[in-house]
Every structure is written in C-alpha cells, then in structure tokens.
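Note that the protein sequences, when read in sequence, are chains A and B.
Residue numbers for the first sequence, in this note's numbering: 370 to 620.
Residue numbers for the second sequence, in this note's numbering: 370 to 620.
By construction, the Cβ of each residue, glycine as well, lies at the ideal position given by its N, Cα and C atoms.
Since the structure is predicted, the reported quantities are computational estimates derived from the model, not experimental observations.
So the structure is just underneath, and the comments pick up after that.
Protein chains: 2
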Amino acid sequence: MQRRLVKIEYDGTDFFGWQLQPGVRTVQGEMEKAVARASGSTDRVVVHGAGRTDSGVHALSQMAHFDSDATHSPSTFLNAVNYWLSGHDVSVIGLWEVPAGFHARFDVVKKTYRYSIIISEMKRPLYERYCTRLREMPNIDVLNTCAQKIRGKHDFAAFTSAGSKVTSTTRHIFESKWVSEGDLLHYYVEGNGFTYNMVRSLVGTMLEAGSGKRNVEDFHNALESRNRPDAGPTAPARGLTLYEVKYPVQL
Amino acid sequence: MQRRLVKIEYDGTDFFGWQLQPGVRTVQGEMEKAVARASGSTDRVVVHGAGRTDSGVHALSQMAHFDSDATHSPSTFLNAVNYWLSGHDVSVIGLWEVPAGFHARFDVVKKTYRYSIIISEMKRPLYERYCTRLREMPNIDVLNTCAQKIRGKHDFAAFTSAGSKVTSTTRHIFESKWVSEGDLLHYYVEGNGFTYNMVRSLVGTMLEAGSGKRNVEDFHNALESRNRPDAGPTAPARGLTLYEVKYPVQL
C-alpha cells in the first residue's frame, strides 16, 4: 500500500462542491472513480481532500491523498487518473508518493484563498465565470484597512456560517490583502485554516465597508462581537478560488 | 431613424461564431433578436458587425451598428438590449449614437486580436476555456523574430484559408508581438484588417518555428511564397479573442 498526494485544479461551476454526495457530480466523487479505475480497483478508493470547497468554488490547487496497491510510477499514475477523469473541468496537475502517516487535511500548515471581483455596470461574459461583479469600485484603502484587522489570531465566529461542525472558530491569519488590477480586484487571504464560509463572509462584510454601507469600526466590532448577525452577507461562490495549500515539506 | 454603435463582449465557446445562420445560436442572431425586442420592432433589425469571428472565438470588444426608430437614450437602450439578450455569455458593454453614414465594418481603422496559450503538460481547467495548451514553452525570441517579420504591408495569401471571398489578401500590420506572463503566453497583433483565419494560421506557423519544427527563414519564406501549403497549421479557435476595434473617432 502506497499513499499518494495529488494536486487538483478544477472549475467549480458545474460541480456540487468537493464533498462526495450521492446522485450529484462532485470533485471528490469524480476523483474517487478515476483513482479506482487508474488503480485497477473495484472497491471504493477514498480520496481525502485538504478541505471542502462549496458548490461553485474553484481550485487552482486543491490537495488530496489516497492509498493504493498499484505500483505505477508517479507520472504514469498521474496520466492514468487524468485519463479516467471525465470532463474538461477537473485535472490532476501533480502527484507525489508520501509516507503512510501523511494526511492531506491534518498536515496543512497554510492555505490561501483568492476572491476575485470585476468592476462593471454591465454583465462581463469573459470575467464572470471566475469573478463576482460589482457596479462601482469600492474604496481600496478602506478594504485594506479592514483586511489588516484580521491578521493574527482571532475568533471568527461572526464570519462562520451555521452548519459547521467545528468546535473552535479561532484561526491564525498570516496574510490578508486587496490588490487592484485595472477593472479587477483580488483579495488574497492566507491562514492556518478557515471556518465554514469564512472567506466569503469576510469579503461580503469588507465590501460593505468599502462601499460606505458600514464603517471600518463596524467591521472591527463585528469581528470582536463573534456574533454572525453583526457581519455582512456571504459573497457569491463563483469569485472564490482555493489558491494554494502548503505542507511542512515543500513539494 | 437613428444609427447606433454597440460594443459587445462574448464568450465564444457556446456560439457558432458571429454570423447569422439558420438553426444555430450565433452572436449576430442573438443580438438581432435582442435589438428588435428592445426597439419594439417586429421586423428584423440587421446588426452589422466590425467583422466575423469563427465558432469558439471570443470577443472582449466586438463592434456593430444598427438602425432603429426607438427614441431611447443610449443608457436606456443599452440596458434594454442586455435585458433581452439571453445567456450569460454575451453582453453589450457600450452604446453610442453615430451619424447615419457611419459603418461598423467599413470605418474600421485598426483591429487587435490576442491569442493566448497556457504552457502545461497537464490539462488546465481554469485556463483552457480561453487558452490553447502547449506542453512546452516555445522559444519566445524565435516567436518574436517571426512576429516582427510581418509588421508593415504584406500579402498574407499563405496565411489565408480557402472559403474567403475577399480579392486582396494584402494587409498592413502595425503591431505584432509575443508576451510571456508566468505559464501564459499571449500574442498581440494589430492591423488594418485580417484575412480569413489569418491570425490562427500565423500563430500555428510561428509556434512551429518557436518549437524548432521549422526555422525563422522557413517562416519568412512561407510569407513570401503566398502559398498556403508553405505555412503551418491553423491554431485552435478557443485561444483567440477579438481584443479591440478602433475607429477614426475615439469613442
């Protein structure tokens, strides 16, 4: 039995998220079918992701591990999994052999998400698959003042949606910044982990501050209140991309 | 009767190109239906494009004109056309009133196309909707040496596909360059016009030079031969985007 770690890129538009669910197309479901076929296994091969992504969320770099008896070399195994993966919206872009004790979720050191926004009054067909659209450019200085306030260790209960099973909502944020690029606006956030809907709630609330609907103190108070109703709306899924997952060993 | 000029953005993936054809979904067909509805007209309203784009080719900026009796202001008209446009893959992003003598195709001064390539051995779901994929990075100096050779006035018969009705294949190229950006490679070409499949044939032939399949002299000889078989293959449509259309008056 050899444990393998894979790096997966996907366009989340036509998936019901990462997690396996009966009757719908999910990334984990597609991966498990392809890995079993590539392994020559008729049993289910469980593929453990670094984290779940919701319906419509994309990944430039989702990580996942699985165990298999197959003796393929990494490059042969990678090509075999891609051969069996159906659709042009998911692809394995890296595969490594890892020790049996390695775990794609528990061993995560840092994760980075990117949230992208296109500023336009009109619908923008070439951008809206991977961006949310806003009619007016928010104040980027205000956005960055908010973004800075979440750096460090905080309890993100106010930015956690119901439905999460986790007991602690405290996370450590290493980087949190907005970058503008012409008509595009990107938010990058790196942390040791994220609670359910945390990035999208943070973005929704920061955007209220950036558009003048609330002030920076309001944003800060929402964070400190640890009370979900004090925060703003959850931004749409399609702007969100799981951007990077880091482990103690550089792959 | 007032003539209007519109700027249209579209994702060409699910269109059978620009030109109206019975029984299939085309950008011109969708635009004509939406403009007629927005004008309150039961007759066909002809929408004249700056140029045709093939099946699968995208546009950040296609331009087109039409005549209408409707008295809407430009912003009302724009919103009305977008309201009636079906699908999230096409949008009017600008609308201007122009003199009756203005023509979206005949008055073009310069057009720019962009051709985008992602370099990766593996399938890349987040890029391949708008890029062609190459397994290895071609030699960008060779690509740019070729690109430079087409600047100025040339007969592009060798880079013109059959099926074109135009008599002259001579065009003036103002700018022609390759730019790399991480794993992405973009070719930008600006000219007074382009013959049928010209940009895609140029890209296919330059890529043969950039990957060592032919040398720069070969590329130059193909241009001078004016003989289609001397040039290389036509690169896939999905990497191509109509990037800008310029008129004598800045809109």
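Less than 7 Å between the C-beta atoms of S545/A and V558/A, yes or no? Yes, the Cβ-Cβ distance between S545/A and V558/A is below 7 Å.
Does any residue of chain B bring its CB to less than 7 Å from the CB of E505/A? Taking Cβ atoms only, chain B never reaches closer than 7 Å to E505/A, which makes this a no.
In the DSSP output, which residue or residues are listed as bridge partners for G521/A? Looking at the DSSP assignment, G521/A forms a beta bridge with I542/A.
DSSP-derived helix/strand/coil call for Y452/A: In the structure shown, Y452/A sits in a helix (DSSP, three-state: H, G or I).
Quick check: is the beta carbon of K402/A nearer than 7 Å to any beta carbon in chain B? In terms of beta-carbon proximity, K402/A stays away from the interface with chain B, with every pair separated by 7 Å or more.
With DSSP run on the structure shown, which of helix, strand or coil describes M575/A? If DSSP states are grouped into helix, strand and coil, M575/A belongs with the helices.
Closest to Y556/A by CA distance: which of G409/A, Y484/A, T422/A and Q388/A is it? Ranking the options by Cα distance to Y556/A, first place goes to Y484/A.
From V467/B, F435/B and Y452/B, pick the residue whose C-alpha is nearest to that of K492/A; which is it? The candidate whose alpha carbon is nearest that of K492/A is Y452/B.
Range of the contiguous beta strand (DSSP E) that encloses T460/B: In the sequence as presented, Thr is not what sits at residue 460/B; that position holds Ser. That run of the beta strand (DSSP E) goes V459 to V467.
By the DSSP assignment, the beta strand (DSSP E) with E378/A in it spans what residues? In the DSSP assignment, E378/A falls within the beta strand (DSSP E) that extends over Q371 to Y379.
Start and end of the beta strand (DSSP E) containing E613/A? Unbroken beta strand (DSSP E) run through E613/A: L609 to K615.
Return the CA-CA distance between H523/B and I542/B, expressed in angstroms with no decimal places. Straight-line Cα distance between these residues: approximately 8 Å.
When you compare each of Q397/B, G521/B, L571/B and A407/B to Y482/B by their alpha carbons, which one comes out closest? For Y482/B, the nearest C-alpha among the options comes from L571/B.
Taking the straight line between their C-alpha atoms, what separation do you get for R421/B and F563/B? One C-alpha to the other measures close to 11 Å.
7 Å Cβ cut-off: residues of chain B touching S460/A: Contact of S460/A with chain B by beta-carbon distance below 7 Å involves M491, K492, R493 and P494.
Is there a C-beta anywhere in chain B that falls below 7 Å from the one on E378/A? Yes, E378/A lies at the interface with chain B (some Cβ there is under 7 Å from its Cβ).
Measure the C-alpha to C-alpha separation of A419/A and A531/A and round it to an integer number of angstroms. Across the structure, A419/A and A531/A are spaced so that their CA atoms are roughly 21 Å apart.
Cα-Cα separation between W387/A and D423/A, rounded to whole angstroms: So the two alpha carbons sit approximately 7 Å from each other.
What number of angstroms, rounded off, separates the C-alpha of T440/A from the C-alpha of D510/B? Cα to Cα, T440/A sits roughly 42 Å from D510/B.
At 8 Å on the CB atoms, spell out the chain A contacts of L374/B, in chain order. Residues of chain A passing the Cβ test: none, with the nearest at roughly 15 Å.
Among F435/B, V477/B and Y496/B, which has the Cα closest to the Cα of D458/A? Comparing Cα positions, the closest option is Y496/B.
Please determine if the region 586-600 of chain B and the region 513-523 of chain B are in contact, where contact requires at least 3 C-beta pairs separated by less than 8 Å. Verdict: yes, contact present.
Pick from R569/A, L374/A, Q390/A and T395/A that is closest to D380/A, judged by C-alpha positions: Distance from the Cα of D380/A is smallest, within the candidate group R569/A, L374/A, Q390/A and T395/A, for T395/A.
Within this structure, are the beta carbons of A604/B and F528/B separated by less than 7 Å? No, the pair does not count as a contact, with Cβ atoms beyond the cut-off.
In chain B, which residues lie with their C-beta within 7 Å of the C-beta of H427/A? Scanning chain B for C-beta atoms nearer than 7 Å to the C-beta of H427/A yields L495, reported in chain order.
Do the CB positions of L553/B and I487/B come within less than 7 Å of each other? Taking the C-beta atoms as reference points, I487/B is found nearer than 7 Å to L553/B.
Under a three-way DSSP split, which group does A428/A fall into? A428/A carries a strand assignment under DSSP once its states are collapsed to helix, strand and coil.
Is it true that the CB of K615/A sits closer than 7 Å to the CB of K479/A? The Cβ-Cβ distance between K479/A and K615/A falls below 7 Å.
Using the rule of at least 16 other Cβ atoms within 10 Å of the residue's Cβ for burial, across every protein chain shown, is E577/A buried or exposed? Burial of E577/A is indicated by the presence of at least 16 other C-beta atoms within 10 angstroms of its C-beta.
Which residues in the same chain as R607/A place their Cβ atom closer than 6 Å to its Cβ, once the five residues preceding and following it in sequence are excluded? The beta carbon of R607/A lies closer than 6 Å to those of G425 in the same chain, with the five residues before and after it left out.
Residues in its own chain within less than 7 Å of Q397/A by CB, not counting five upstream and five downstream? Excluding residues up to 5 positions away in sequence, W387, Q388, L389, V416 and G418 lie with their Cβ nearer than 7 Å to the Cβ of Q397/A in the same chain.
Cα separation between R372/A and K402/A? Whole-angstrom Cα-Cα distance: 17 Å.
Beta carbon of V393/A nearer than 7 Å to that of A405/A: Judged by beta-carbon spacing, A405/A lies beyond the 7 Å limit of V393/A, meaning their Cβ atoms are not closer than that value.
Which first and last residues belong to the beta strand (DSSP E) in which S485/A is found? Taken as a continuous stretch (DSSP letters only), the beta strand (DSSP E) holding S485/A covers K479 to I488.
I'd like the list of long-range same chain contacts for A407/A, defined as Cβ closer than 6 Å, with 5 residues on each side in sequence excluded. Cβ-Cβ distances below 6 Å link A407/A to A449, V450 and W453 in the same chain, with the five nearest sequence neighbours on each side left out; the list follows chain order.
I'd like the list of long-range same chain contacts for K595/B, defined as Cβ closer than 7 Å, with 5 residues on each side in sequence excluded. Note that residue 595/B corresponds to Arg in the displayed sequence, not to Lys. Correct list, in chain order: D524, A526 and A527.
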